[in-house]
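Trainee: For the sequence shown, the residue numbers in the UniProt record's numbering are 1 to 170. Once you've had a glance at the structure underneath, I'll fire off some questions.
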Amino acid sequence: MDDNIITGYSVLAYSICPREAWFVLRRFTPEQDNPYIELGRFLHKNSYEGKGEKEIKLPGAVIDLIWNDNKCTIVGEIKKSSKSFKGAKIQLLYYLKLLEDMGIQAKGEILLPKEKKRIPIVFDEEAKKEIQDTLLKLNELIESPIPSPPKWIGVCSKCGFAELCWAGEE
1 MDDNIITGYS VLAYSICPRE AWFVLRRFTP EQDNPYIELG RFLHKNSYEG
51 KGEKEIKLPG AVIDLIWNDN KCTIVGEIKK SSKSFKGAKI QLLYYLKLLE
101 DMGIQAKGEI LLPKEKKRIP IVFDEEAKKE IQDTLLKLNE LIESPIPSPP
151 KWIGVCSKCG FAELCWAGEE
């Protein structure tokens, strides 16, 4: 499917729920009035003002924040809480891979403004294997003609795609 480019968002979605990633890869849009999506937008807009360049657009990616620190490029991924660490990490690894593919060496940081934390992420060989494995799985998902059946997980109640999985369920 040529128009299904893998994006940072699809990488993040896959780490949470492959069904959600299937929808994202096909350009389905989550419910925009979802309060959790609105909170994320608010944090992105109002956090780390003056830290660096925000919303850097690359093919398949929108990097939240990028800055230079002691001659090193740092890519920042802003998240609501450390509960989303796994997804934030793989999304950040994807951005670091894209930059490396363009000849730019960078380090990453997961930024948690509500918790006042910064978690460094290193793009080493183990990290490269992790993102490569995820990209292989996403390419398999692109080829799948239908999404996997819905499976209830803890984040379903907060998901912007919940209606696609649970409409009509009691």
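Here a beta-carbon is modelled for each residue, glycine too, at the ideal position from N, C-alpha and C.
Considering only residues of the same chain and omitting the five flanking positions on each side of proline 150, which have a CB-CB separation below 7 angstroms?
Mentor: The count along the sequence shown starts at 1 and reaches residue 150 at position 150. Only Arg19, Cys165 and Trp166 meet the Cβ criterion.
Trainee: Quick one: using the 10 Å Cβ neighbour count with 16 as the cut-off for buried, is aspartate 64 buried or exposed?
Mentor: For the purposes of this step, residue 64 is taken as residue 64 along the sequence shown, with counting starting at 1. Aspartate 64 should be labelled buried.
Trainee: For cysteine 72, does the three-state DSSP call read helix, strand or coil?
Mentor: As a working note, residue 72 is residue 72 in the sequence shown. The answer is strand: DSSP assigns cysteine 72 an E or B state.
Trainee: Using 8 angstroms as the threshold, is the region 8-27 in touch with the region 131-151, meaning 3 or more CB pairs across them?
Mentor: A contact exists between the region 8-27 and the region 131-151.
Trainee: Looking only at its own chain, which residues have a Cβ that is under 7 angstroms from the Cβ of leucine 96, when we skip the five neighbours before and after it?
Mentor: To locate residue 96, count along the sequence shown from 1; it is residue 96. Answer for leucine 96: Val75, Ala106, Gly108 and Phe123, listed in chain order.
Trainee: To the nearest whole angstrom, what separates the beta carbons of lysine 80 and lysine 114, a pair I think is in contact under 8 angstroms?
Mentor: Here residue 80 refers to the residue found at position 80 of the sequence shown. Here residue 114 refers to the residue found at position 114 of the sequence shown. So it is a contact: roughly 6 angstroms between Cβ atoms.
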